[in-house]
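To start, the structure under review is shown below, and the notes come after it.
Numbering (our numbering), first residue to last: 40 to 218.
Pasting the structure below:
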């Protein structure tokens, strides 16, 4: 423990904390790593958490979480979660990436902005896309593909399963559709 009040209440010895009041309330939680002021501050019994950033995982009491960034997962009480977060220009907390290790669910992006894959993007299962979608190069989907808005696909495409577009589906290039 390094930092004023770091592991202030701890009764176990196999945690690592660096920063003012990091793991301040921990009493029984073990195998945690907290780097940053107030990181894992309210954690009392949660184990296996990793928190990097100012107040990352501040309020968690869960287990086996990963918090990266300013106030990432600030008030999460869940277990097996991933938060990569920071504040926007107005100081509002924004989750860039959220995941659930227990279900395999992964959320990328926010309600505004652009999510861009620089290389191949493969979907093994169903794909649901909200808003306008522009896909260049190759699109391969094994499962159902649902586009709620306009979808434009340029390049070779293979879609196995049901395909639906809420508005328009424009495809240019070699296309294979089967269901």
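We put the beta carbon where it would ideally sit given N, CA and C, even for glycine. Please read all numbers here as calculations on a predicted model, not as lab measurements.
Comparing alpha-carbon positions, which option in 185, 44 and 55 lies nearest residue 64? The shortest Cα separation from residue 64 among 185, 44 and 55 belongs to 44.
Test item: CB-CB of residue 48 and residue 68 under 8 Å: For residue 48 and residue 68, no; Cβs fall outside 8 Å.
Open item on the list: Using a Cβ-Cβ cutoff of less than 8 Å, which residues in the same chain neighbour residue 100 once the five nearest sequence positions on both sides are dropped?
Closed with: The residues 81, 82, 83, 84, 85 and 116, in chain order, have a CB closer than 8 Å to that of residue 100 in the same chain once the five nearest residues on each side in sequence are set aside.
First and last residue of the uninterrupted beta strand (DSSP E) at residue 31: Lying outside 40 to 218, the shown extent of the chain, residue 31 is not represented and no answer is given.
So what does DSSP say about residue 71, is it helix, strand or coil?
Looking at residue 71 - three-state DSSP - the assignment turns out to be coil, as it is neither helix nor strand.
Original post:
At a cut of 8 Å, does the stretch 119-137 reach the stretch 162-170 through at least three beta carbon pairs?
Top reply: Segments in contact, no.
Going by DSSP in three states, residue 137 sits in which element: helix, strand or coil? In this structure, residue 137 counts as strand in the three-state DSSP scheme.
For residue 106, report the span of its beta strand (DSSP E) as first-last.
That run of the beta strand (DSSP E) goes 105-107.
Please say whether residue 188 and residue 200 have beta carbons closer to each other than 8 Å? No. Outside cutoff.
### Query
Where does the unbroken beta strand (DSSP E) through residue 185 begin, and where does it stop?
Element bounds for residue 185: 184-186.
(request) Go to residue 163, then tell me how far its beta strand (DSSP E) extends in each direction, as first and last residue. (result) Element bounds for residue 163: 161-163.
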